[in-house]
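This report concerns only the one structure given below.
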Amino acid sequence: MCSSDLPARIVRTAIAGSYLDRIGNCREPLWRAVRHGRDGGAVTSAIEALFLLGNDAYFTGRWDEVQALTDEGRALCQTRNYHLLEWVGLFLRALVAANRGDQATSRTLTDEMSRWATPRRVGVVSAYVWHVKTQIALSRGDFDEAYRCASAVSPAGQLASHVPNALWLIMELVEAAARSGHPSEATAHVTAAREARVGELSPRLALILAGAAAMA
Numbered sequence: 099m100c101s102s103d104l105p106a107r108i109v110r111t112a113i114a115g116s117y118l119d120r121i122g123n124c125r126e127p128l129w130r131a132v133r134h135g136r137d138g139g140a141v142t143s144a145i146e147a148l149f150l151l152g153n154d155a156y157f158t159g160r161w162d163e164v165q166a167l168t169d170e171g172r173a174l175c176q177t178r179n180y181h182l183l184e185w186v187g188l189f190l191r192a193l194v195a196a197n198r199g200d201q202a203t204s205r206t207l208t209d210e211m212s213r214w215a216t217p218r219r220v221g222v223v224s225a226y227v228w229h230v231k232t233q234i235a236l237s238r239g240d241f242d243e244a245y246r247c248a249s250a251v252s253p254a255g256q257l258a259s260h261v262p263n264a265l266w267l268i269m270e271l272v273e274a275a276a277r278s279g280h281p282s283e284a285t286a287h288v289t290a291a292r293e294a295r296v297g298e299l300s301p302r303l304a305l306i307l308a309g310a311a312a313m314a
């Protein structure tokens, strides 16, 4: 049985792990939080756990699973009026759509997120929008636009404070910079990531940094 505070603790730990490629170590506890919510327990934690499992599925290439996980999480958001949490699910769906070349769906979802986040100045949702727009631009070879969008999350040459999403766009920003006439900015971003010791956070980030350095 989950204690009343355990699902929240599981989710908080997994949120931190999501930026370090360590959600895989939290899968079983996250599913426990989901089951707890399904059985009438902490619904908020169950929603967040479903989206964290979706995050893990996206970054490990299990994209078909993203839809099922986000479908359940979004349904809970809508029936329980937790609309603030729903944007994470939309972000993941938009990422998958962008990377699969479904630009119509990804644009529809980012437009929906922008209409809500911009007037409310919700920075994290705006970062989601710029992330997806970066992927859309890269997919069509528009490197100037990709550079503009990626830089809106964190400027080239720095990993902005309190913007953990910047870790998810290192290679994208470097590629966009290198291929849009900003070679010094590409090099500066690699330098910033090295100085932050990003490569020590996870094997995937070490690979990302090596690839970005090669591009620069």
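Convert by adding 98 to the 1-based position in the sequence shown; the result is the number in the working numbering. Backbone N, C-alpha and C fix where the C-beta goes; we use that ideal spot for every residue, glycine too.
Residue environment analysis places Gln233 among the buried positions, since at least 16 neighbouring C-beta atoms fall within 10 angstroms of its C-beta. For Pro127, the enclosing alpha helix (DSSP H) covers residues Arg125 to Arg136. Taken through DSSP and simplified to helix, strand or coil, Ser252 comes out as coil. Following the DSSP letters along the chain, one finds Ser224 inside the alpha helix (DSSP H) bounded by residues Gly221 to Ser237. The beta carbon of Gly171 sits closer than 6 Å to those of Ile145, Leu148, Phe149 and Gly187, all from its chain and outside the five residues before and after it, given in chain order.
In the three-state reduction of the DSSP assignment, Gly159 falls in the coil class, being assigned neither a helical nor a strand state.
Judged by DSSP secondary structure, Ile121 falls outside any alpha helix (DSSP H); it is assigned neither H nor E. Counting along the chain, no alpha helix (DSSP H) covers Glu298, and no H or E run does either.
Ala304 and Pro262 have their C-alpha atoms some 16 Å from each other. Arg277 carries a coil assignment under DSSP once its states are collapsed to helix, strand and coil. Per DSSP, reduced to three states, the secondary structure at Val261 is coil, with no helix or strand assignment.
Counting C-beta pairs closer than 8 Å gives fewer than three between the segment 157-166 and the segment 134-143, which falls short of the contact rule. The beta carbons of Ala195 and Leu207 sit about 7 Å from each other, so the pair counts as a contact at 8 Å. Taking the C-beta atoms as reference points, His287 is found nearer than 9 Å to Ala254. For Asn179, the three-state secondary structure derived from DSSP is coil. Approximately 7 Å separates the beta-carbon atoms of Ile108 and Arg130; this is inside 8 Å, confirming the contact. DSSP, read as helix, strand or coil, puts Gly187 in helix. Residues of the same chain with a CB within less than 8 Å of the CB of Ser212, apart from the 5 flanking positions on each side, are Ser224 and Val227 in chain order. Just measuring C-alpha positions, the residue of Arg218, Arg219, Glu210 and Pro217 sitting nearest Lys231 is Glu210.
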